[in-house]
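Data block below; observations after.
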Amino acid sequence: MKYILPFLMLGAMPAMLMAQPDAAEILRKIDKQMVTESAEATATMVITNRRGRETRITSRSWSKGETTSLVEYLSPAREKGVKMLRMKDVLWMYTPQADRVIQISGHMLRQSVSGSDLSYEDMVDNGKLLDIYDAAIVGEEDFMDRPCYVLRLRAKEGVDDITYAQRKVWVDKTRYLPLKEERYAKNGTTLLKNFEIREVMKIGNRWYPKEMYFKDVLAKGQGTRYIMDDIKFDVELPAYLFTKASLRE
Amino acid sequence: MFRFLMKGMLRDKHRSLMPTIVVTLGVFMTVAMFAYMKGVMGDMLNNSARLESGHVKITSLAYRAEVDILPNDLAMEDGPQMMAMLRQDYPELSWSERIKFGGLLDAFDENRETRAQIGVGGIGIDLFGSDATDRDRWDLKSGLRAGTLPQNPGDILMAAQLAGNMGVHVGEEVTLISSTVNGSMSLQNFHVVGLIEFGIPPMDRSMILADLNDVKMMLDMGDWSSEILGFFPLAYYDDVLAEALTDTFNTLHSDPVFMANDTLAFSANLDHDDSIDRFAPFMMSMLDDSNMREYFGYASRAGSIVSFVMIFAMGIVLWNTGLMGAIRRYAEMGLRLAVGESKGHVYRSLLVESFGIGVVGTLIGTIMGLALGFYLQEVGIHIGDMMKDSTMMMPTIIRARITPTAFYIGFFPGVIATLLGAGLSGLRILKRDTSSLFKELET
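Which chain is which? The protein sequence lines are S and L, in order.
The numbering used here puts the first residue of the first sequence at 111, with every later residue one more than the last.
The numbering used here puts the first residue of the second sequence at 55, with every later residue one more than the last.
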């Protein structure tokens, strides 16, 4: 028996190696789950402000590729009709009250959206982690009873002007969803934001977040829940939708 | 005797004209400087009260703790109810509600595309309400450089310099980009109906004035109130009254747990004690609100020291004048003693003379000092060019202020110092004995 065991182990090596993907492979799998080619979704953002009061904002969004998306607020009445169009690094915002289209760029992209814990950047982010970060597995832990890989992400050389230069991510070992994230500034010690996926859903073969939680550590509110009410992937979207002219319609 | 003295004084110009001129100049400088110092201090306090703090200010505790970032989301609820209570319970003060806010002012072209954009500060005041006291307090008419005062909701006044920098003209529509109390981005269009000069460089660079209700609507504040300012009926600030009022109000209306702690350690108290009602009202006096108490103390002391030094220096000069006048007449005094005039009589006549010169010089000097003070009070000194890059809330015109004290302050150096000088030098007369007197006369 003692002679057979090493051979058995040797035979099992490829399978063991496959069960333990490297960090880049994990990022690739996360991107496959989280990044969409095109999508149409309805979501509710539940914001608890500093007075402890809850505001619910529902929105409809369309996205195409990693850098083009449109969000339209459906409620409450005061916010209804507000639209945000992202085209590459520029965000355009339209409000029917003023009938104005205003460009939001630079540091303003990091401002809070509607008093929530999400920045405009967070709101329209659909970029691939693998393109931005180098990753390393730093451990394995359970989070919300799910076994996770713990990854340390650092921005790649040459990737500048990025809000979260480092992240610590807890990735579900089987679903490859980032169940928990600590997002840090460039120095790697200043925690800027906490992110959690609190509920997931399966659409076709893809696991996707159903409810997310954001907490801006520097803000005094009580965090923001982002609930995905409905989402469709790989939908046909007219190119006209992602133009400034469409904002006023 | 009086006739004799008068004749002597009028005939001997060295005894009357020169000392009177010196006393006049000394008193003139003292009075003018005193009025100027009072004006500079008063202007700073008045501006601070009018534009920033009122004589007392009420905010929520939470708002007060973060006042530097204008946290309108932490305003007091039920503002109208609070205003009604204040007007009923504290009718001796005039109460006004204000909202300060920041944002981006966006000027746009015919395609509604951004043409110019700049960060601005804004104040919402009651422009259309039945109580006109606050808009009167701003004296907007006198600062208006173009256009009119707001007539309708949606009208704003813009600092003339700011408008010039942005290329905005009267009648244009601009968009104010700000943030509601819920944190949502707010874009609101306003009509620029007038361009105004505030006379304070930081405000002239970046300030707009809008109606309180328009601002509340823009910030989605409902009936919340950020700041309620109270003004005493008299224009000047009375610290004793303000302190008494804040104590009474806070004991009755603020949070009792907070009041039992160190009320100046706002953040520490609010962050560490959840039992405190963070939105309870809290009244602060002007000096505490603007963190001016320490500065005001220093400035008052410095003002007093400057005035004292001025009075003292003038006193020395005028004392010396009296001294010189008496010493110059050493021989005359000797002769008068020699012909039998008593020492006491000579001494008294010297004092009467110097008193007369002091009174006349002081009266003329006070009139001249008050005249210059009045001119500086009404016209002032323009320091706009020096202040163009300043970030201090200082007026561009420095004015003097004539107070009741200015009418009598010149008498201290003018009359008393002159009298003391003459009195001191005259003492020599009393010490001269008859034998040495004749000896002196021989020489």
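Where a beta carbon is used, it is the ideal one built from N, C-alpha and C, also for glycine.
Predicted model only: the values in this text are computed from it and were never measured.
Distance CB(residue i)-CB(residue j) smaller than 8 Å
i, j, result
"Gln215(L)", "Val247(L)", "no"
"Gly419(L)", "Phe82(L)", "yes"
"Ser171(S)", "Asp344(S)", "no"
"Leu128(L)", "Gly201(L)", "no"
"Gly333(S)", "Phe324(S)", "yes"
"Ile463(L)", "Ile452(L)", "no"
"Ala187(S)", "Gln242(L)", "no"
"Ser215(S)", "Val200(S)", "yes"
"Met337(L)", "Asn304(L)", "yes"
"Ala460(L)", "Leu404(L)", "no"
"Arg141(L)", "Ile177(L)", "no"
"Glu164(S)", "Lys342(S)", "no"
"Lys320(S)", "Val310(S)", "yes"
"Leu211(L)", "Leu159(L)", "no"
"Thr154(S)", "Asp339(S)", "yes"
"Val181(S)", "Val234(S)", "yes"
"Val363(L)", "Thr416(L)", "no"
"Gly80(L)", "Val433(L)", "no"
CB contact check: residue i to chain L, cutoff 8 Å
i, result
"Thr154(S)", "no"
"Glu189(S)", "yes"
"Met203(S)", "yes"
"Thr165(S)", "yes"
"Gly225(S)", "yes"
"Gln332(S)", "no"
"Arg220(S)", "no"
"Ser356(S)", "no"
"Ala125(S)", "At Ala125(S) the pLDDT is 47, less than 50, meaning the model places this residue with poor confidence and gives no usable figure here."
"Asp339(S)", "no"
"Asp108(S)", "The structure shown does not extend to residue 108(S), since chain S is modelled only from 111 to 359, so the question has no answer here."
"Arg335(S)", "no"
"Arg170(S)", "no"
"Asp209(S)", "yes"
"Arg293(S)", "no"
Strand pairing of residue i, partner residues [DSSP]
i, result
"Leu301(S)", "Tyr294(S)"
"Gly173(L)", "Leu158(L)"
"Ala149(S)", "Ser173(S) and Phe343(S)"
"Val281(S)", "Tyr259(S) and Pro288(S)"
"Met311(S)", "Tyr318(S)"
"Val311(L)", "Answer is none; Val311(L) lacks a bridge partner."
"Asn243(L)", "Thr229(L)"
"Ser229(S)", "Ser222(S)"
"Met155(S)", "Ile167(S) and Tyr336(S)"
Short CB-CB distance (under 8 Å) between residue i and chain S
i, result
"Gly284(L)", "no"
"Met239(L)", "yes"
"Phe162(L)", "yes"
"Ile231(L)", "yes"
"Asn243(L)", "yes"
"Thr113(L)", "no"
"Leu324(L)", "no"
"Pro128(L)", "The amino acid occupying residue 128(L) in the given sequence is Leu; Pro does not appear at that position. Output row for Leu128(L): interface = yes."
"Asp188(L)", "no"
"Asp97(L)", "no"
"Asp327(L)", "no"
"Asp274(L)", "yes"
Close-in-space but distant-in-sequence residues of the same chain around residue i (CB under 7 Å, 5 per side omitted)
i, result
"Leu147(L)", "Gly284, Phe285 and Phe286"
"Asp282(S)", "Arg256, Cys258 and Leu289"
"Asp270(S)", "none"
Supposed contact pair residue j and residue i - C-beta distance, whole angstroms, cut 8 Å
i, j, result
"Tyr259(S)", "Ile337(S)", "About 26 Å separates the two Cβ atoms, so there is no contact after all."
"Lys174(S)", "Phe352(S)", "6 Å"
"Ala329(S)", "Asp244(S)", "Not quite, the Cβ-Cβ distance comes to about 29 Å (not below 8 Å), so this is no contact."
"Ser179(S)", "Asn236(S)", "6 Å"
"Gln431(L)", "Arg402(L)", "Incorrect: roughly 41 Å between the Cβ atoms, too far for contact."
Neighbourhood of residue i by C-beta distance below 8 Å, restricted to the same chain and skipping five residues each side
i, result
"Glu189(S)", "Ile167, Tyr183 and Ser224"
"Lys278(S)", "Val248, Val260, Leu261, Arg262, Leu263, Glu291, Glu292 and Tyr294"
"Met126(S)", "Below a pLDDT of 50, predicted positions are generally treated as unreliable, and Met126(S), at 46, falls in that range; no measurement from the model is reported."
"Ala116(L)", "Pro125, Leu128, Leu324, Arg332 and Phe333"
"Tyr144(L)", "Gly284, Leu299 and Phe303"
Cβ neighbours of residue i in the same chain (closer than 6 Å, five flanking residues each side left out)
i, result
"Asn126(L)", "Val235, Leu273 and Ser280"
"Gly175(L)", "Gly156, Ser260 and Met261"
"His307(L)", "Pro335"
"Met203(S)", "Met194, Ile212 and Ile214"
"Asp188(L)", "Ser150, Ile179 and Asp180"
Check: residue i C-beta below 7 Å from any heavy atom of the ligand NAD
i, result
"Ser279(L)", "Summarising the ligand content, the structure contains no ligands, and the ligand NAD is consequently not present."
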